[in-house]
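Chains as they are written, first to last, in my numbering: chain A, 8 to 173; chain B, 8 to 173.
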DNA sequence: ACAATGTGGTTGACATGTCATCGACCCTAG
DNA sequence: CTAGGGTCGATGACATGTCAACCACATTGT
């Protein structure tokens, strides 16, 4: 691999734009969330995924898989959220090792309070700046990349250690 | 703000896709970098920005601004990179407070060794999966978002404290 | 039944990022 | 020239994420 195909001007522009957008958008959304809801983005994601579930509760590993987090990270984060009363750990009847994470009433209140402002921010700083065609293209392109990464070589890219690669 | 405009199906798809892509792509690129160059993504970014500069050196705050990092974060990170011999801190003749960050020979070797593989990975996992039209669209859309965030309300979204917004 | 092995989750040590603060220095007004 | 106020960068305390064990339980084969 002496000389690879470097990025041409357009590709470079897309790549740099992506990185910059990533950073700025993150800062802005995080700022909004903490400011008017006292939540971090990770907090929001956890609460959001939990609240979308029929029973308001999920096995830790199920939640970790959905979020693409390592179990370790999630466990640490849940400990902190639990101390703030946003979630609760329950025993798993089906599997003695397991841990079921449940949204508490306070957690539900927090996500319901945060969601409108957060969605509005996502619109204001991203979605509403795009044409319908661009929204469509972004959806298509990101899903293609995700499928690619989750497929073929995706086993290596997982946060959790699950690969049969030893 | 009782009931905001929630995201419709397409918007939701784009937003979720973006978040997932973000996470998976990051994991994969970071994995590649550490594996075959012993660098983290932040390391790579620092070295990359430094190496693109005519003199291989930049003022700390100039570098921080380009990277959209806080000076504090950069200072901490540079301390670690300095200990590994990748960069050096030099005194700034023009401003006694200032600090000039220089790429060391080892740093240059590291970035040159890492770049081909990294670019190849960016191609393999992103750019080459996109049609030319999508590359173009991604460039356009990200830049529009960046301009929006860096402009109007961008002063608030900066990592460094610089805004006259008090 | 029970050893061997695998999996779910937690934990501690450590790497990294954030925030507030500080000392050193620059700049401008008087 | 010098006092006041700002900026540059470093630092310490703390929040967060990663990695490698580890324990408890489940599962499998015999």
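For every residue, glycine included, the Cβ atom is placed at its ideal position computed from N, Cα and C.
Please classify residue 12 of chain B as buried or exposed, where buried requires at least 16 neighbouring CB atoms within 10 angstroms. Looking at its Cβ environment, which holds fewer than 16 other Cβ atoms inside 10 Å, residue 12 of chain B is exposed.
Does any CB atom of chain A fall closer than 8 Å to the CB of residue 134 of chain B? Yes, because at least one Cβ of chain A sits closer than 8 Å to the Cβ of residue 134 of chain B.
Backbone CA spacing between residue 125 of chain B and residue 69 of chain B [nearest angstrom]: Cα to Cα, residue 125 of chain B sits roughly 24 Å from residue 69 of chain B.
Between which two residues does the beta strand (DSSP E) containing residue 10 of chain A stretch? Where residue 10 of chain A is concerned, there is no enclosing beta strand (DSSP E), given that its DSSP letter is neither H nor E.
Which value, in whole angstroms, describes the spacing of the CA atoms of residue 143 of chain A and residue 17 of chain B? As the crow flies, the alpha-carbon of residue 143 of chain A is around 7 Å from that of residue 17 of chain B.
Nearest to residue 116 of chain B (by Cα), restricted to the options B:33, B:42, B:51, B:24: The candidate whose alpha carbon is nearest that of residue 116 of chain B is B:51.
Who are residue 107 of chain B's beta bridge partners in DSSP? BP columns for residue 107 of chain B point to B:66, B:97.
Residue 72 of chain A versus residue 86 of chain A: straight-line alpha-carbon distance, rounded: Using only the alpha carbons, I get a separation of about 18 Å.
Close Cβ partners of residue 99 of chain B (< 7 Å) along its chain, the five nearest in sequence each way excluded: Within the same chain, residue 99 of chain B has close Cβ partners 66, 105, 106, 107.
Am I right that residue 54 of chain A and residue 93 of chain A are in contact with their C-beta atoms under 8 Å? What's the rounded C-beta distance? Indeed, because the Cβ distance is near 7 Å, the residues count as touching under 8 Å.
On the criterion of 16 or more Cβ atoms from any shown chain inside 10 Å, does residue 138 of chain A qualify as buried, or is it exposed? That one is exposed.
Please tell me whether residue 149 of chain B and residue 25 of chain A are closer than 8 Å, where the distance is taken between their beta carbons. Their beta carbons are under 8 Å apart, which means residue 149 of chain B touches residue 25 of chain A by this criterion.
Alpha carbon to alpha carbon, how far is residue 74 of chain A from residue 46 of chain B? Give it in angstroms, no decimals. Approximately 26 Å between the Cα atoms of the pair.
Within 10 angstroms of the Cβ of residue 83 of chain A, are there 16 or more other Cβ atoms? Answer buried if so, exposed if not. Its Cβ having fewer than 16 others within 10 Å, residue 83 of chain A is exposed.
Taking Cβ to Cβ, would you say residue 132 of chain B is nearer than 8 Å to residue 35 of chain B? Using a Cβ distance threshold of 8 Å, residue 132 of chain B and residue 35 of chain B count as a contacting pair.
Once DSSP output is grouped into helix, strand and coil, what is the label at residue 76 of chain A? Three-state result, residue 76 of chain A: coil.
May I ask you to list, following chain order, the residues of the region 142 to 159 of chain A that have a beta carbon less than 7 Å from some beta carbon of chain B? Against chain B - using a Cβ distance shorter than 7 Å - the residues of the region 142 to 159 of chain A are 142, 143, 144, 145, 146, 148, 149, 150, 151, 152, 153, 155, 156, 157.
Taking a Cβ distance cut-off of 7 Å, strictly less, list which residues of the region 52 to 84 of chain B are near chain A, in chain order. Answer in chain order: 75.
Where does residue 139 of chain A sit, in a helix, a strand or coil, going by DSSP? Helix.
Under 8 Å, Cβ to Cβ, is there at least one residue of chain A near residue 130 of chain B? Output row for residue 130 of chain B: interface = yes.
Taking only beta-carbon atoms, is residue 11 of chain B less than 8 Å away from chain A? Any Cβ of chain A closer than 8 Å to the Cβ of residue 11 of chain B would place that residue at the interface, and such an atom is present.
Proximity winner among B:97, B:141, B:49, B:39, relative to residue 123 of chain B (alpha-carbon distances): Checked all of B:97, B:141, B:49, B:39; the closest Cα to residue 123 of chain B is B:39.
Within the continuous alpha helix (DSSP H) that includes residue 52 of chain B, where are the two ends? 48 to 58 is the span of the alpha helix (DSSP H), which, as asked, contains residue 52 of chain B.
Alpha carbon to alpha carbon, how far is residue 97 of chain A from residue 155 of chain B? Give it in angstroms, no decimals. Their backbone Cα atoms lie some 44 Å apart in a straight line.
Considering only C-alpha positions, which residue in the set B:23, B:14, B:29, B:114 is nearest to residue 129 of chain B? It is B:29.
Distance between residue 101 of chain B and residue 23 of chain B (C-alpha atoms, nearest Å): If you take the alpha carbons of residue 23 of chain B and residue 101 of chain B, they lie about 48 Å apart.
Residue span of the alpha helix (DSSP H) that contains residue 124 of chain A, given as start and end: Looking at the DSSP string, the run of the alpha helix (DSSP H) that includes residue 124 of chain A is 112 to 132.
Using 8 Å as the limit for Cβ to Cβ distance, is residue 17 of chain A near chain B? Taking Cβ atoms only, chain B reaches closer than 8 Å to residue 17 of chain A, which makes this a yes.
Would residue 157 of chain A pass as a contact of residue 32 of chain B if the rule is Cβ separation under 8 Å? At the C-beta level, residue 157 of chain A and residue 32 of chain B stay beyond 8 Å of one another.
Between the C-alpha atoms of residue 15 of chain A and residue 147 of chain B, what's the straight-line distance to the nearest angstrom? Using only the alpha carbons, I get a separation of about 15 Å.
Where does residue 24 of chain B sit, in a helix, a strand or coil, going by DSSP? Helix, per DSSP.
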